[in-house]
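Student: Counting in our numbering, the sequence shown runs from 298 upward without gaps.
Where a beta carbon is used, it is the ideal one built from N, C-alpha and C, also for glycine.
Bear in mind the structure is a predicted one, so any value in this text is a computation, not a measurement.
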Amino acid sequence: MSVTARLVLSRYRIVSPLGEGGMGAVYRARDTKLEREVAIKILSEALATDPAALARFEREAQAVATLSHPNILGIHDFGVERGTPYAVMELLEGQTLRELMGGAAVPPRKAVEYALQIAAGLAAAHAGGITHRDIKPENVFVTRDGHVKILDFGLAKQRQAAPADATVVTTRNMSTEPGMVMGTVGYMAPEQIRGQPIDHRVDIFAFGAVLYELLAGRRAFQGATPADTASAVLKEDPPELATTAAAHIPPSLDRIVRRCLEKNPDERFQSARDVAFALEAMSGSSVATGPSAAVTQRKRRPWMAIAAVLAVAAALAAAFVVGRSSGPSGPSRITRLTYRHGQVDAARFAPDGQTIVYSASWNGSPYEVFSTRLDSTESRALGFPGTVLAAVSATGDMALLRNAVPFIATQPTAQEGMLARAPLAGGSARDLAEAVQFAEWSPDGKQLAVVRFLDGKSRLECPIGRVLYETGGLIANPRFSPRGDRIAFLDILSVGFFKSAVSIVDLSGQRTVLATSLTMTNGLAWSPSGEEVWFAGGRNGLAKDLYAVTLSGRERIVFRTLTGIHLFDIGADGRVLLAQELRRRELWGRAPGAVEDRDLSWMDTSAPAQLATDGKRLVFNEQGEGGGSEYSVYLRAMDGSVPVRIGSGSAFDLSADGKWILTIAHYGTPSQRIVLLPTGAGQPRELPTEPLTYQALYFGPGGRTIIFSAMKPGEAPKMYMQDINAGGTPRAFGEGMLTGISDAGLTLAEERIVVRDSSGQPFLQSLTEGNPKPIHGISPNETSFGRSKDGWLYVFARSGGPRTRVFLVDPATGRREFWKEIGPADATGVWPPDSHYVTPDGEAYIYSFARRLSDLYVVEGLR
């Protein structure tokens, strides 16, 4: 197919050529639907009929699509037009590292800055099971504002988890068989050149070769012919950087490069994160020492600043890249506290300031409470298995949540359990209150503030039983001010969609909002002076920025990172206790006729909205950074093929004929609108919207109406019905009934839906008659999420574990039968599965869960 300006592929109009490569050409194009510029990569005609080339082209699209990271080139779409495959990617302005270097070294400060971003991208790829296999300066792009993007995953090797009963790990797309050589000579690890089995450590070798070239201005391995270059990789070590670089290179940095370039993969760094931790060792005088002993303090300062940034980069495994716009530099020291594989849920400084108490789930095991010290790399279990830490008092008492289970699946920091008190010095726990999600000690350790959920509202109580503030959203992380006269908390306005604010309330119940418009918040704490509230937050996706806000609402960024963080505590001396987090919402399911579940995730936060009745397609939302500020709605085949982006908004249901998706635009905001998005040709349809806070929407029987739960300010949620074609005012029905998000979508053949009363008891509510009928055999803590062909309900109870047991229940008699257990094989960091959907015949189903992996740190020097 001839490519010319104004050629249209699907909805993309070609504007101009950008460059050519071995597999095809890249063009600047215009997305006519979203009105934005993109880059479109078109496979050459010569390769369009080559099965191997097609496989590589599709492999690259699929590999990149599974990742969503600021340092990896993003892909928007993939398709075939008139026999020509194409991939649509984000448009970058800048140059490759090869072009930027121009055959010369770059300043050490810049080299380290680029290397940290490359390492961050590699860490994300490796965490997603992807080995790039072709890292080189040509495949690293630097944008005009200095951001690094890893390109070209055409040779990527993608690991796929084995079935539960398997004994080996398989690869998809392309496995590396003995004798198969893939990569670029000069950057290939010895095992690559030899055609031996490889893993992610080949990327560590290539990373070292690139960093060497950045610092030295010449390649680490260079021969007259490719064979000579390969021989150099296998047998020689590159010259020391101190002898090749014009600028002095600290010996510690030279050692880092050389360890990356070890011939034996077992002697290299074992991960990109390990590289970052090695860079941390550069902090101190050794980094600042120059070739002469007469180096002045002024000359050392630039390297000391780099060391401070590197320390935090190592600690957070992805690097702080933007500091404060004014004032002192960033952290002066970080200390890593945990080293196991899993997630830290809560952490606090003990009264001595040297002991840290935290709760964590390691390697998929239940939560437990531990303590560690700043001068130790070991943690000690305190004897409270199945328990989550809530707070530590100034007098040495712990507030614990025993038998804690997830409270809200889409808010993976909220657990609910029996509030208990136990001495940190040792002793048994004494129960205080039931059904508590958060607790906080007053500064004198004499009373507790708690968060509980009652009658459809989240309540902040202090003392226990006295309500200071309540909301239809969620209250999280209450923290007393140093003087004890105020409580700061995260005010999550839209449960499940992370619309948040930071608020304070005084002990008389007077509330003040300090910071708004946050799409994600993840922990807060008061500054030692009590003049600011610090919080981890973000306004588009992950909570990866550390903010401070004054009591008058003046806000600043303390530090900005490339990955998620969770703020737990600030000590009296200003030390910050936080966790670095890798967080994703994964979407899995099983297609009709399949024998195992498939990962159907797309970007970083894939949340299911509905499964087609035949089980062949699903609708899902991208609610994280990859989905954009207004989120994105996708339609995807259950065979795992590339999904189609339908539009912006939050999807809730798919019509029975599969032609329309029911969405809310600007969900959780005053400007929210109900919009029907066509899955094929056609224009979106906006429906009349009332001044209500919408919670869940579904198509009614026959697709003639929509049924939704919503509430007016100060009122409990109600059920409404609205005609799609005639429009008009919604009609309330089912007075006194509430709906769960899953239950509300369960429209039955007899025009009845599952609703709940204020106690959580389920009923079948007719859409035409007023009296609901009790459902037998389903308890208030169980959720129904589908209906079988014979009218039985699929039911599960959220147990707190990484898998859910599903039953079939006869709503008339209460008889139940076990159906199956659903959940991921790898339970590490998994928040319990939620948002289940199933076809009536049970042949297909989908579910989602959050996965969090975190490490705990103490950071000093932030101001």
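Helix, strand or coil for residue 549? Go by DSSP, reduced to three states.
Tutor: On the sequence shown, residue 549 is found 252 positions in, with the first residue counted as 1. DSSP places residue 549 in helix when its eight states are reduced to three.
Student: Are at least three pairs of beta-carbons, each pair with one atom in the region 883-891 and one in the region 902-914, less than 8 Å apart?
Tutor: Yes, the region 883-891 touches the region 902-914.
Student: Alpha carbon to alpha carbon, what distance is there between residue 563 and residue 496?
Tutor: Taking the first residue of the sequence shown as 1, we reach residue 496 at position 199. Taking the first residue of the sequence shown as 1, we reach residue 563 at position 266. The straight-line gap from Cα to Cα measures roughly 11 Å.
Student: Exposed or buried, which one is residue 778 when buried takes at least 16 other CB atoms within 10 Å?
Tutor: Within the sequence shown, the letter at position 481 stands for residue 778. Label assigned to residue 778: buried.
Student: Quick check on residue 756: buried or exposed, where buried means 16 or more other Cβ atoms within 10 Å of its Cβ?
Tutor: Walking along the sequence shown from the start, residue 756 turns up at place 459. Buried, by the Cβ-count rule.
Student: Given this structure, state the Cα-to-Cα distance separating residue 555 from residue 732, to the nearest angstrom.
Tutor: Translated into the one-based positions of the sequence shown, residue 555 becomes position 258. Translated into the one-based positions of the sequence shown, residue 732 becomes position 435. About 55 Å.
Student: For the beta strand (DSSP E) that contains residue 373, what are its first and last residues?
Tutor: As a working note, residue 373 is residue 76 in the sequence shown. Run containing residue 373: 372-378, per the beta strand (DSSP E) assignment.
Student: If I follow the unbroken beta strand (DSSP E) through residue 767, where does it start and stop?
Tutor: Taking the sequence shown and counting its residues from 1, one reaches residue 767 at position 470. Run containing residue 767: 764-768, per the beta strand (DSSP E) assignment.
Student: Please list the terminal residues of the continuous beta strand (DSSP E) segment that includes residue 1135.
Tutor: Against the sequence shown, residue 1135 aligns to sequence position 838. Note, residue 1135: beta strand (DSSP E), 1131-1135.
Student: Buried or exposed for residue 1115, please, with buried defined as at least 16 other CB atoms from any protein chain shown within 10 angstroms of its CB.
Tutor: By 1-based counting over the sequence shown, the position of residue 1115 is 818. Its Cβ having fewer than 16 others within 10 Å, residue 1115 is exposed.
Student: Between residue 813 and residue 790, what straight-line distance do the alpha-carbon atoms span, to the nearest angstrom?
Tutor: As a first step, residue 813 must be located in the sequence shown, where it is residue number 516. As a first step, residue 790 must be located in the sequence shown, where it is residue number 493. Distance between the alpha carbons of residue 813 and residue 790 is about 10 Å.
Student: What's the gap between the Cα of residue 600 and the Cα of residue 310?
Tutor: Within the sequence shown, the letter at position 303 stands for residue 600. Within the sequence shown, the letter at position 13 stands for residue 310. Unreliable placement is indicated for residue 600, whose pLDDT of 37 sits below 50; the coordinate value is still reported in the next sentence. Each residue's alpha carbon lies about 48 Å from the other.
Student: For residue 1154, does the three-state DSSP call read helix, strand or coil?
Tutor: Sequence index remark: in the sequence shown, residue 1154 carries index 857 (1-based). Here residue 1154 sits in strand by DSSP.
Student: Apart from the five residues just before and just after residue 803, which ones in its own chain have a Cβ nearer than 7 Å to its Cβ?
Tutor: Taking the first residue of the sequence shown as position 1, residue 803 is located at position 506. So the list reads 782, 783, once near-sequence residues are dropped.
Student: Thinking residue 387 and residue 373 are a contact (beta carbons under 8 Å), I'd like their distance in whole angstroms, please.
Tutor: To locate residue 387, count along the sequence shown from 1; it is residue 90. To locate residue 373, count along the sequence shown from 1; it is residue 76. Indeed, because the Cβ distance is near 7 Å, the residues count as touching under 8 Å.
Student: Below 8 Å on the Cβ atoms is my contact criterion, and I expect residue 655 with residue 1153 to pass it. Report the Cβ-Cβ distance as a whole number of Å.
Tutor: For the purposes of this step, residue 655 is taken as residue 358 along the sequence shown, with counting starting at 1. For the purposes of this step, residue 1153 is taken as residue 856 along the sequence shown, with counting starting at 1. 6 Å between Cβ atoms; contact.
Student: Please list, in chain order, all residues of the same chain as residue 984 whose beta carbon is under 6 Å from its beta carbon, the five residues on each side excluded.
Tutor: Counted from its first residue, the sequence shown places residue 984 at position 687. For residue 984, where only same-chain residues beyond five positions count, the Cβ hits under 6 Å are 971.
Student: Which whole runs of the beta strand (DSSP E) in the region 316-349 are 3 residues long or more, in chain order?
Tutor: Within the region 316-349, the complete beta strand (DSSP E) runs of at least 3 residues are 321-328, 333-340.
Student: Near residue 1137, what residues of its chain come up, given a Cβ to Cβ distance below 8 Å and the 5 sequence neighbours on each side ignored?
Tutor: Counting from 1 along the sequence shown, the entry for residue 1137 is found at position 840. So the qualifying residues of the chain are 910, 1083, 1084, 1085, 1086.
Student: Quick one: is residue 1037 buried, meaning 16 or more other Cβ sit within 10 Å of its Cβ, or exposed?
Tutor: By 1-based counting over the sequence shown, the position of residue 1037 is 740. Reliability fails at residue 1037, whose pLDDT of 46 lies under 50, so the model's placement of it is uncertain and the value that follows must be treated cautiously. Buried, since its Cβ has 16 or more Cβ neighbours within 10 Å.
Student: Near residue 436, what residues of its chain come up, given a Cβ to Cβ distance below 7 Å and the 5 sequence neighbours on each side ignored?
Tutor: Here residue 436 corresponds to residue number 139 of the sequence shown, with the count starting at 1. 447, 448, 449.
Student: Whose CA, out of 702, 864, 375, 561, lies closest to the CA of residue 775?
Tutor: For the purposes of this step, residue 775 is taken as the residue at position 478 of the sequence shown. The option with the nearest alpha carbon to residue 775 is 864.
Student: Are the region 346-357 and the region 420-433 touching, with three or more C-beta to C-beta distances below 8 Å?
Tutor: No, because fewer than three Cβ pairs between the region 346-357 and the region 420-433 fall closer than 8 Å, the two stretches do not touch.
Student: Starting from residue 865, trace the beta strand (DSSP E) both ways and give me its first and last residue.
Tutor: Along the sequence shown, read from residue 1 onward, the residue named residue 865 stands at position 568. Where residue 865 is concerned, the enclosing beta strand (DSSP E) stretches over 861-867.
Student: Taking DSSP as the reference, what is the three-state secondary structure of residue 243?
Tutor: Any answer about residue 243 is impossible in this case: the structure gives the chain only from 298 up to 1160.
Student: Is residue 950 helix, strand or coil by DSSP?
Tutor: Residue mapping note: residue 950 aligns to position 653 of the sequence shown, counting from 1. Correct three-state label for residue 950: strand.
Student: Excluding the 5 residues preceding and the 5 following residue 503 in the sequence, name in chain order all residues of the same chain whose CB lies nearer than 6 Å to its CB.
Tutor: Position 206 of the sequence shown, counted from the start, is the residue given in the question as residue 503. Here the set comprises 432, 484.
Student: Under a three-way DSSP split, which group does residue 432 fall into?
Tutor: On the sequence shown, residue 432 is found 135 positions in, with the first residue counted as 1. If DSSP states are grouped into helix, strand and coil, residue 432 belongs with coil.
Student: Which residues does DSSP list as the beta-bridge partners of residue 995?
Tutor: Walking along the sequence shown from the start, residue 995 turns up at place 698. Looking at the DSSP assignment, residue 995 forms a beta bridge with 1004.
Student: Relative to the C-alpha of residue 633, which residue among 846, 873, 524, 788 is closest?
Tutor: For the purposes of this step, residue 633 is identified with residue 336 of the sequence shown, where counting begins at 1. It is 873 whose Cα lies nearest to the Cα of residue 633.
Student: Would you mind sorting residue 1131 into buried or exposed? The rule is 16 or more other CB atoms within 10 Å of its CB.
Tutor: Walking along the sequence shown from the start, residue 1131 turns up at place 834. Its Cβ being crowded by 16 or more others within 10 Å, residue 1131 is buried.
Student: Which partner residues of residue 669 appear in the DSSP bridge assignment?
Tutor: Taking the first residue of the sequence shown as 1, we reach residue 669 at position 372. Answer is 653, bridged to residue 669.
Student: Determine the direct distance from the alpha carbon of residue 341 to that of residue 393, and round the result to whole angstroms.
Tutor: Taking the sequence shown and counting its residues from 1, the one referred to as residue 393 is at position 96. Taking the sequence shown and counting its residues from 1, the one referred to as residue 341 is at position 44. Cα to Cα, the separation comes out at about 22 Å.
Student: Could you tell me if residue 1014 is buried or exposed, where buried requires 16 or more neighbouring beta carbons within 10 angstroms of its beta carbon?
Tutor: Residue mapping note: residue 1014 aligns to position 717 of the sequence shown, counting from 1. Flag for residue 1014 reads buried.
Student: Classify residue 835 as buried or exposed, calling it buried when 16 or more other Cβ atoms lie within 10 Å of its own Cβ.
Tutor: The count along the sequence shown starts at 1 and reaches residue 835 at position 538. Buried, by the Cβ-count rule.
Student: Do residue 688 and residue 737 count as a contact pair if the criterion is CB distance below 7 Å?
Tutor: Position 440 of the sequence shown, counting from 1, holds the residue named residue 737. Position 391 of the sequence shown, counting from 1, holds the residue named residue 688. Cβ distance < 7 Å, so residue 737 and residue 688 count as in contact.
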